[in-house]
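*Asks:* Quick one: structure below, then a few questions.
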């Protein structure tokens, strides 16, 4: 089973070959007007520091690449501003709510606080791209500009490369105590929560229901990371895996074996994908467009994620399985696809039952179905218990993430969108 170190080793040749070039070029682009707003230079610079800690790049060379690139980018911005800036701002500034009076005030401030503006402004993504341009437009003396440009560019490079370097060192320390995959899950969780908060702060589109979805999503991601880390380190869950693997053979009665074999053969991922076609048609016929697209993305994404995770983890299957399977074990493909299929079945039709009893039986039947499929894999010893739990966790993480993404997409689309059918929107809550 590869560790994150092995994943890093996989990209190391590319980093070693193109790392300095990427840092240099993106530092230039990020410092220039317009391109500086969209180019993710900061992220690349931080990654440069991270790979300096891993030994793939030289720390001093990364700082020099970032610093020189930033200085050149600011220089280009200054020249553009010096030659064309004043005319452009006077002619087109009104379209950007930048009046001539604002320009005169900006020029005065630039002359009075040139050093502070150039150095401090470089650490803000928006001002970083335009401060050199404004300095040129304001006809700041070139020698004065270059002094502060060099100080600001080198300071910026040292800070952001240093953040990546420290993160790389902290990663090594934290991963020893938390586990590398748990740490990845924590980082992803922070990104998801931060994105959720930013979107809701500006759009106000998420309800209390979606907060619960977010909490389930984070819990599923943690559980998935925990299963992988325990399997990798041979910790508690791995020991439980081995215990169940031995004890389950007590239940190996011919009738039970035939029954579980039938379950596992009927509920293969390929079979569930085929059966999903019927579900697609039903949802389309009933005009449940939201659920139709959610099912498509759930199935396609689930298949890809399950295969991707197996390729990353590379966990071997139990050696005492009742039949041979030639691919990797974690997460269980049967568990992942069964969870996605029956959860989508439940999510799509649970509100169609008028009888409370029938609704409860339907919910219980869906839950029992994916649990039975998961148990069949453990019973036949073709999977460890943690493989099945990881499959369920992966399916839950993916579906809940899609629900949040779909809510955002639907809320930002025009009313003419095919997803904006009133019969579907009331299902999103």
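In the numbering used here, the protein residues as written are 1100 to 1528. The beta carbon of each residue, even a glycine, is placed where N, CA and C say it ideally should be. Just so we're clear, the structure is a prediction, and the values are computed from it rather than from any experiment.
In whole angstroms, what separates the C-alpha of residue 1121 from that of residue 1170?
*Replies:* Taking the straight line joining both Cα atoms gives about 15 Å.
*Asks:* Who are the near neighbours of residue 1339 in its chain, counting only those whose CB is closer than 8 Å to its CB and skipping five residues on each side?
*Replies:* Excluding residues within five positions, the ones whose Cβ falls inside 8 Å are 1484, 1485.
*Asks:* In terms of residue numbering, what span does the alpha helix (DSSP H) encompassing residue 1326 cover?
*Replies:* Counting along the chain, the alpha helix (DSSP H) containing residue 1326 begins and ends at 1307–1332.
*Asks:* Are residue 1577 and residue 1490 touching if we call contact CB-CB under 8 Å?
*Replies:* The structure shown does not extend to residue 1577, since the chain spans only 1100 to 1528, so no value can be given for it.
*Asks:* Relative to the C-alpha of residue 1403, which candidate in 1494, 1241, 1487, 1361 has its C-alpha closest?
*Replies:* Among 1494, 1241, 1487, 1361, the Cα nearest to that of residue 1403 is on 1494.
*Asks:* To the nearest angstrom, how far is it from the Cα of residue 1363 to the Cα of residue 1433?
*Replies:* Those two C-alpha atoms are separated by around 8 Å.
*Asks:* Does the distance from the C-beta atom of residue 1118 to that of residue 1150 stay below 8 Å?
*Replies:* Their beta carbons are under 8 Å apart, which means residue 1118 touches residue 1150 by this criterion.
*Asks:* Candidates 1331, 1469, 1299: which alpha carbon is nearest residue 1445's?
*Replies:* Residue 1469 is the option with its Cα nearest to residue 1445.
*Asks:* Using 8 Å as the threshold, is the C-beta distance between residue 1453 and residue 1426 below it?
*Replies:* No, the pair does not count as a contact, with Cβ atoms beyond the cut-off.
*Asks:* Suppose the cutoff is 6 Å on Cβ atoms and the five residues either side in sequence are ignored; what does the same chain contact list for residue 1114 look like?
*Replies:* Same-chain partners within the cutoff: 1150, 1155.
*Asks:* Can you tell me which of the three DSSP states residue 1419 falls into?
*Replies:* If DSSP states are grouped into helix, strand and coil, residue 1419 belongs with coil.
*Asks:* Taking the continuous alpha helix (DSSP H) assigned at residue 1484, which residues delimit it?
*Replies:* First-last of the alpha helix (DSSP H) with residue 1484: 1484–1511.
*Asks:* How long is the line joining the alpha carbons of residue 1184 and residue 1397, rounded to whole angstroms?
*Replies:* For residue 1184 and residue 1397, the distance between alpha carbons rounds to 50 Å.
*Asks:* Going straight from the alpha carbon of residue 1438 to that of residue 1394, what length do you get?
*Replies:* Straight-line Cα distance between these residues: approximately 12 Å.
*Asks:* According to DSSP, is residue 1155 part of a helix, a strand, or is it coil?
*Replies:* Coil at residue 1155, not helix or strand.
*Asks:* What residues in its chain sit with their C-beta under 8 Å from that of residue 1232, if we drop five residues either side in the sequence?
*Replies:* Excluding sequence neighbours, residue 1232 sits near 1132, 1176, 1177, 1179, 1180, 1184.
*Asks:* Identify the continuous alpha helix (DSSP H) that holds residue 1481 and give its terminal residues.
*Replies:* Here residue 1481 belongs to no alpha helix (DSSP H), and DSSP marks it neither H nor E.
*Asks:* Is residue 1217 closer than 8 Å to residue 1172 when the C-beta atoms are compared?
*Replies:* No. Outside cutoff.
*Asks:* If you follow the alpha helix (DSSP H) that residue 1215 is in, where does it begin and where does it stop?
*Replies:* Residue 1215 -> alpha helix (DSSP H) spans 1213–1220.
*Asks:* Going straight from the alpha carbon of residue 1234 to that of residue 1258, what length do you get?
*Replies:* Approximately 23 Å, taken between the alpha carbons.
*Asks:* For the alpha helix (DSSP H) holding residue 1412, just list the boundary residues, first then last.
*Replies:* Its alpha helix (DSSP H) spans residues 1388–1412.
*Asks:* Is the Cβ-Cβ distance between residue 1487 and residue 1424 less than 8 Å?
*Replies:* Taking 8 Å as the Cβ cut-off, residue 1487 and residue 1424 do not qualify as a contacting pair.
*Asks:* Buried or exposed for residue 1431, please, with buried defined as at least 16 other CB atoms from any protein chain shown within 10 angstroms of its CB.
*Replies:* Buried is the call here.
*Asks:* Nearest-angstrom Cα distance between residue 1236 and residue 1429?
*Replies:* When rounded, the distance between both Cα atoms is 59 Å.
*Asks:* Under the assumption that residue 1304 contacts residue 1164 (Cβ atoms under 8 Å), give the Cβ distance between them as a whole number of angstroms.
*Replies:* Residue 1304 to residue 1164, Cβ: 41 Å. No contact.
*Asks:* In angstroms with no decimal places, state the Cα-to-Cα distance between residue 1418 and residue 1477.
*Replies:* Near 13 Å, if we compare the C-alpha coordinates of residue 1477 and residue 1418.
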